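Going down the list, the sequences are from chains A and B. Counting in UniProt numbering, the first sequence runs from 1 upward without gaps. Counting in UniProt numbering, the second sequence runs from 1 upward without gaps. Yeah, the Cβ is synthetic: ideal placement off N, Cα and C, and Gly gets one too. None of the values given here were measured: they were computed from a predicted structure. Step one of this worksheet: look at the structure below.
Protein chains: 2
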Amino acid sequence: MKALMQEFPLTLELVLERCRSVGTRTEVVSVGPAGPDRRTWSEVGERAVRIAGVLDALGVARGGRVATFAWNSHRHVELFLGVPAAGRVVHGVNVRLSDEEILYQVRHAADDVLFVDASLTGRLAPLRDGLAVRDVVVMEDGSPVHPAFARCPLYEDLLGSVCPPVRRFVPEPDDAAWICYTSGTTGHPKGVVASHQAAVLHSMSSMTVDSHAISRQDVLLAITPLFHVNAWGLPYTAAMAGTKLVLPGREVSGAALGALIESERVTVAAAVPTVWIDLLADGHDLSSLRRVLCGGAPAPRTLLDEVARRGLVFCKGWGMTEMLPSGTMQHLTPDTDLDSPGAAVTMVGRPTPGVQLRLVGAEGAELPWDGVAVGELQSRGPWVVRAYLDPEDDSNTSRFDRGWLRTGDLARIAPDGTVELVDRTKDVIKSGGEWISSLALEQALSAHPLVAEAAVVGVPDPYWGERPAAAIVATAGGTPPSTEELLAWLGTRVPKWWLPEQIVPVRCLPRTGVGKYDKKVLRTQLAGA
Amino acid sequence: MKALMQEFPLTLELVLERCRSVGTRTEVVSVGPAGPDRRTWSEVGERAVRIAGVLDALGVARGGRVATFAWNSHRHVELFLGVPAAGRVVHGVNVRLSDEEILYQVRHAADDVLFVDASLTGRLAPLRDGLAVRDVVVMEDGSPVHPAFARCPLYEDLLGSVCPPVRRFVPEPDDAAWICYTSGTTGHPKGVVASHQAAVLHSMSSMTVDSHAISRQDVLLAITPLFHVNAWGLPYTAAMAGTKLVLPGREVSGAALGALIESERVTVAAAVPTVWIDLLADGHDLSSLRRVLCGGAPAPRTLLDEVARRGLVFCKGWGMTEMLPSGTMQHLTPDTDLDSPGAAVTMVGRPTPGVQLRLVGAEGAELPWDGVAVGELQSRGPWVVRAYLDPEDDSNTSRFDRGWLRTGDLARIAPDGTVELVDRTKDVIKSGGEWISSLALEQALSAHPLVAEAAVVGVPDPYWGERPAAAIVATAGGTPPSTEELLAWLGTRVPKWWLPEQIVPVRCLPRTGVGKYDKKVLRTQLAGA
């Protein structure tokens, strides 16, 4: 027996319609070289609707790809809303990638056109001839346009020339809405394609109390760039909730962000741990802040302490591009005992409503949620992908398991569903048939008062197979502790056979484009040491 | 271009799986004649899964209808989860209906079997022979079973006899999950059929901060019966969020509910205004309470004052069975100025994310959201129906307008999306070509210190077409004010031509099965007065 519900496709048109209709009184504030730009969500929505006409004018077909090369601004948000709502696919290119990676992604995604911030035309100029797109549109942000792009059409001109009503391709729920490439720590970057329905449901889940809890009462600062999994989906969530959204542009120093929080009375902001560390060290008035959204990498204990000291809620999420990205969430309140096992850095909370998790052991058997068994975390859900963009990608076989995504994370799950990350499957060190958690070693090393950061990898060993090797960065202005001292420190904190073969002080750790430790590089460095 | 997301049908199996997996530590507490029953959400989920086997044993086919006649208990919640997850349809019959209405509904819904609380077998006994079902199953709640049902199978016996794994029909997102009949103030009750996907999305929306904000941190008391639009969908929401759920059984006096809030440390409860008035007048310790969920009828100002005095948030919703029921939500905090126009009793907040609204004028044109124009409120969304159960129902034409539900409410919408209810289209009084709001007159009369309640209807008038007539109930122990006094009172509060032709003191107002004023009955009474 079928129910008789209305036909109501879950697409980003719903989100666009929502911000236009209920967003007459809430602002989108964008910081740029020309100063802050303020407009209502309704205005942003009206402009996003006109992008359909711009794409028609540019001759982008239904399903065509539109690359962006931009900082977080209202223009970038307009593209993230308007391109999919117009039946095309938006692809945010990470502006911090190498020349080669940028050219690869634009070609691989088969982008038809590219929208670039004026302030980023200089970065793109050397690649101009290699960019495999038909048109480049320059978005005026108050910066001069590099001469290489001087003849390109301007975003405001195109938007202004469109006479609504515009011709539109109506998207379907399973149509592609956006493409984002994974950071590629395991090999070449892989294209993740999100559907409209997945994007809508993911946004709705981010409005739930136990997840990101984004509400109309909030003022949300989206520090995480749009080219990082659509700023964790938060611009769509803000559009749907009618939340005031603050977009920092390129200025993401602690001082710039602190000033923005102070002036816009931001209540919640999203960033990776390193950004939060800089931000909280800044002297601005952050008294409007209520919640810290943090993900992308494990948050050090010192950050948790500082957040608690300020009376804020720390929202610690786990996820990945393949999950758009929300997978789990834990809220640490100022009342949480940070020394309790449940609040450990490795604990990432329960699955976001809608996401299903399971643990799978080395032999492929499902493991119990007993807080003891360690297996690979696998996920299913309405916003989890089942394959990558490239049908030829080997990962389409290796990263999926009978309908589940293999997340590549080793974890335990407690009986109440709380997930504890043990390591990345590719980072875990297999030594004499046993597992050594690089993550646990890194945390134990970082806990030393003279160590700011630590990264641990496995290096080949003729007898054990692999043995751990560590690189450490000393705290600012300090001297790195000796290997003997660190081994003694670790001796009381990890099993004896986990002690690293080498502990090398370095000035800085190699990182990927999204700020994670680049363990491929480190492994080569330490194996050769 | 299609996205490559996982196949993940949104059905109540997802909710069932969720409460089983993450509900090992949160309770479902049911009050019954035998005292409180405590079990975890996981246990409730495990039992719900076994219902598939029970229905197989009873020979209920895929899509078959399962009626319930029960108070709010874990058994009733198990049926609301387990029956749809097993590919059948659950139909909660309102236990307060007349004999005739009960028999009509069970026959009209083509219910195959009926599950009845032992404590309600006495109520059903006179109807035993007329009940058009193949089997009746008795749910033991500690009360004696009426002899008319002495030979019926018992719920626990059936549940205990099922050996998992059970054979199962896997539901699809657009399969019917539950049937609920409207209260029928406009004619015979109409069957509303909810799909699985609609139920899941509605639950997710109830977890969002700006809607019901149900979280795992809450303790939720579901006072609204399951046979009233599935207790507003809150049991599904609680199952999904892993929220401790308290079910009061048949004892819903202010004192019984107060005691339950005190003992279970309830943080949020859902009920109609009259129940809240009784509850807050009770002397129990309600200090655990944080939010008051209220709907079904306009809340009187005295209730809002009392909620604010206690420092609670008043969540004022508007909706209807055809919307499962969530349509809009407004949160009044203790800081809200209840004298401000935005906090008026008639204001019901903004559309719940996912729901779209429009205003349509008498000529069928869409009206602006300017806070002035009055039109019929129409709605669309993933949890709004497009037709009633009965394909022959005239309402399938009259209540829908090109893909939108005609809600039958007259309203204004402010530019920021805030909805103000003006009246029911069927209750509004058409006098000399102008509209008089029965709702506004009722509120003005109720505001008089000696008036507890007031209901206003239109009565036929040879010259004006219709004129307003009022019935009032005096405050407890008080004398009703004279008609002259009330007309003087109204004179400063409503336009002169709105003044009622008659104001009749009555002992109590006629009400429908769900507690709304029965204006059909009142119209007859006052027209004949």
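Item	Value
Straight-line gap, Thr208/B to Glu78/B (C-alpha atoms, nearest Å)	24 angstroms
Nearest-angstrom Cα separation, counted from Ala455/B out to Cys508/B	10 angstroms
DSSP three-state assignment for Lys496/B, whether helix, strand or coil	helix
Which residues DSSP lists as bridging Phe400/A, in chain order	Leu405/A
Backbone secondary structure at Met240/B - three-state DSSP	helix
One or two residues paired with Cys315/A in a DSSP bridge	Leu293/A, His331/A
Residue range of the alpha helix (DSSP H) that includes Lys520/B	519-527
Candidates Asp461/A, Thr475/A, Leu487/A, of which the one nearest Arg523/A by Cα	Asp461/A
Candidates Thr479/A, Gly319/A, Leu279/A: closest to Pro298/A by CA position	Gly319/A
Same chain, Cβ closer than 7 angstroms to Glu140/A, five either side skipped, listed in chain order	Ala118, Leu154, Tyr155, Glu156
7 angstroms Cβ shell around Leu58/B - same chain, five flanking residues per side excluded	Val113, Asp135
Nearest residue (CA-CA) to Ser98/B, options His188/B, Leu289/B, Val473/B, Val428/B	His188/B
For Ile429/A, the residue or residues it bridges with in DSSP	Ile436/A
Residue interval of the alpha helix (DSSP H) (run including Cys19/B)	12-22
Spatially closest choice to Ser183/A from Arg511/A, Val360/A, Ile277/A, by CA coordinates	Arg511/A
Proximity winner among Ala125/A, Gln6/A, Gln443/A, Cys180/A, relative to Phe80/A (alpha-carbon distances)	Cys180/A
Contact list for the region 403-429 of chain B against chain A, Cβ threshold 7 angstroms	Gly403, Pro415, Asp416, Gly417
Inter-residue Cα distance where the pair is Glu27/A and Pro480/A	48 angstroms
Beta-ladder partner(s) of Tyr181/A, from DSSP	Gly191/A
Under 9 angstroms from the C-beta of Gly354/B: neighbouring residues of chain A	Phe8, Leu10, Leu14, Arg18, Val200, Met204, Met240
Alpha-carbon spacing of Met323/B relative to Asp129/A, whole angstroms	55 angstroms
Beta-ladder partner(s) of Ala454/A, from DSSP	Ile472/A
C-beta neighbour in chain A for Arg25/B, strict 7 angstroms	yes
7 angstroms Cβ cutoff met for Pro334/A and Gly349/A	no
Leu359/B: CB within 6 angstroms of a non-hydrogen atom of the ligand HEM	Ligands displayed in this structure: none; no statement on the ligand HEM is therefore possible.
Closer than 7 angstroms at the beta carbon, the chain B residues around Val190/A	Per the sequence shown, residue 190/A should be read as Lys rather than Val. Simply none; closest approach about 11 angstroms.
Where the alpha helix (DSSP H) through Asp157/A begins and ends	155-161
Contact set between Arg216/B and chain A, taken where Cβ atoms lie within less than 9 angstroms	Val209, Asp210, Arg350
Paired residues, beta bridge with Gly465/A - DSSP	Ser431/A, Asp461/A
Span of the beta strand (DSSP E) around Ser30/A	27-30
Cβ pair count under 8 angstroms reaching 3, the region 199-217 of chain B against the region 54-71 of chain B	no
Chain B contact residues for Ser21/A, given Cβ-Cβ distances below 7 angstroms	Gly417
Backbone secondary structure at Thr40/A - three-state DSSP	strand
Contact set for Ala365/A: own chain, Cβ-Cβ below 7 angstroms, skip 5 residues either direction	none
Where the alpha helix (DSSP H) through His91/B begins and ends	Premise fails: His91/B lies in the beta strand (DSSP E), 89-92, not in any alpha helix (DSSP H).
Exposure of Leu487/A, with buried meaning 16 or more beta-carbon neighbours within 10 Å	exposed
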